[in-house]
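Each residue of the sequence shown is one higher than the last, beginning at 56 in our numbering. Some notes on the structure that comes next.
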Amino acid sequence: MCCPKLYVKETESFNILWNGEVVDSEISEHVRSQYYQLCCSQKSGLHDGLVKCIDKKLAAGIISETVKIADAIRAAEITTTSCNDVQRWDQTLKGFEGMGMNVAFLRATIKNILDSIQRKQQEKIKRKTNERAQAEKEMRNLETQLVNVKKKIRVLDDEIDVIRAQNEKLEHSFKETAIAPW
């Protein structure tokens, strides 16, 4: 892969310079390699616009954190990545951007991720709202059934009371007939 503006055709030849000093010793090989890929994607050193008053350790830290966030973005999954994490990444990159780091492309990706997460959350809310409405409908049906069953029980109790009263009259009449003289 070649980065025309960087004039470097491979990671091994890529050195990160800050204010005339090589920063490579301040960062890991993984970070350097990933940063090279990021720079290639933008056809320039992302740190080229950083304010010149910061020292090379801070520049290396910003580069390392940028790579860490880029790696996290690549590894992000809609089911496991929290909105809070993504928002923290964006806030960090926003701060780096304020210091002149070229990270607008990463922030644009983060915006897309946040939009996807929010759409998924809206879908979940809609689904759960529908489930809740169905549960409320079931509850109303059960409440109606309960009212109907209670009415039926009252009717049956009334019928039982009438039958008992009739049985008492029959019992009394039966006893009178049974003990009546022949």
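Yeah, the Cβ is synthetic: ideal placement off N, Cα and C, and Gly gets one too.
query                                                                                                                                                                                        : result
Of all the alpha helix (DSSP H) runs that stay within the bounds of the stretch 93–138, which reach a length of 4 or more residues?                                                          : 111–130
Output the distance between the C-alpha atoms of residue 139 and residue 206, rounded to the nearest integer angstrom.                                                                       : 54 Å
So residue 81 is in the alpha helix (DSSP H); what residue range does that whole segment cover?                                                                                              : Premise fails: residue 81 is in no alpha helix (DSSP H) and is neither H nor E.
Find the nearest neighbour of residue 100 within the set 108, 91, 107, judged by alpha-carbon distance.                                                                                      : 91
Give every residue of the same chain whose Cβ lies closer than 8 Å to the Cβ of residue 120, excluding the five residues on either side of it in the sequence, and list them in chain order. : 147, 151
Please report how far the alpha carbon of residue 186 lies from the alpha carbon of residue 144, in whole angstroms.                                                                         : 34 Å
Expressed to the nearest angstrom, what Euclidean distance is found between the alpha-carbon atoms of residue 233 and residue 215?                                                           : 26 Å
Under 8 Å Cβ to Cβ from residue 126, same chain only, skipping five residues before and after it: list those, please.                                                                        : 89
Can you list, in chain order, the residues of its chain whose CB lies under 6 Å from that of residue 122, leaving out five sequence neighbours each side?                                    : 86, 89, 90
Using only CA atoms, which one of 71, 231, 74, 94 lies nearest to residue 158?                                                                                                               : 94
Quick one, are the C-beta atoms of residue 71 and residue 109 less than 9 Å apart?                                                                                                           : no
Could you work out which residue in 107, 98, 96 is closest to residue 75 when comparing CA atoms only?                                                                                       : 107
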